[in-house]
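Chemist:
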Ligand code: GLY
């Protein structure tokens, strides 16, 4: 169960955020704020306390607070984001982490290691880590070493088609996993009950489980139906403005 969630308000500069989908257009800032409000309400309905950090205009992508830190039940890990324009976000998340973890439970990924939290998927005490354009081998080595020190385990999952691991695969607890694209056939995930996402709804592979409920992006009926069929109550949240920046539901929060 999660007790806490940390989010950061999107900043006006978000319109200049990194995107691999410029054809979707720039985000509408006011709409993004409304969607962020709805996202926070959805999380609260799932019974968590939400810490809302202020917008940070220096970092256009800083609302995607999942990337500069990973929180486990044993420790918090400040990452070293591989995207240059996002790297400084790691220094801005520490204050919020210190509200919940003592210094001896806060670990750091150090250069030349890079790692972004979007590449980390938690399944109980095991963490799958995507080796992506943002997360390198040395970052994964350090991350697994930290996990082991705290009695947790990790394994590497190479990926080539999407930004982050959780762009395409997300664990919904109870052995259920949403999988799309390159992750459908990955042997790493063969032991799970894989719910395959149709290609045209691939964006919605990025759902989040929060205390028994699954928050699903609005506008993806096949994924919504599949999640309901798997037995979960669903809350729909429109993330259209974040999608324009390759962002989704998991990217917008740290849940712990
Ligand atoms: N726009 C989110 C990211 O590229 O990290």
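In this note's numbering, the protein residues as written are 432 to 687.
Think of the CB as a built atom: it goes at the ideal place given N, C-alpha and C, for glycine as much as any other residue.
1) Whole angstroms are fine: how far does the CA of residue 587 sit from the CA of residue 633?
2) When you compare the CB positions of residue 484 and residue 525, do they come within less than 8 Å of one another, or not?
3) Mapping the DSSP letters down to three states, classify residue 605 as helix, strand or coil.
4) Are the CB atoms of residue 665 and residue 674 nearer to each other than 8 Å?
5) Going by C-alpha distance, which of 571, 576, 540, 584 is nearest residue 556?
6) Please tell me whether residue 684 and residue 594 are closer than 8 Å, where the distance is taken between their beta carbons.
7) Comparing alpha-carbon positions, which option in 463, 611, 602 lies nearest residue 623?
8) Should residue 531 and residue 479 be called a contact, given that it needs their Cβ atoms to be closer than 8 Å?
9) Near residue 517, which residues of its chain fall below 7 Å by C-beta distance, leaving aside the five closest residues on each side in sequence?
10) Closest to residue 514 by CA distance: which of 644, 654, 544 is it?
11) Considering just the uninterrupted stretch of the beta strand (DSSP E) at residue 624, what are its terminal residues?
12) Using a Cβ-Cβ cutoff of less than 8 Å, which residues in the same chain neighbour residue 548 once the five nearest sequence positions on both sides are dropped?
13) Would residue 605 pass as a contact of residue 477 if the rule is Cβ separation under 8 Å?
Modeler: A quick look at the data gives this:
1) Their backbone Cα atoms lie some 22 Å apart in a straight line.
2) No, the Cβ-Cβ distance between residue 484 and residue 525 is not below 8 Å.
3) coil
4) no
5) 584
6) no
7) 602
8) no
9) 490, 492, 498
10) 544
11) 624–627
12) 497, 498, 499, 500, 501, 510, 685
13) no
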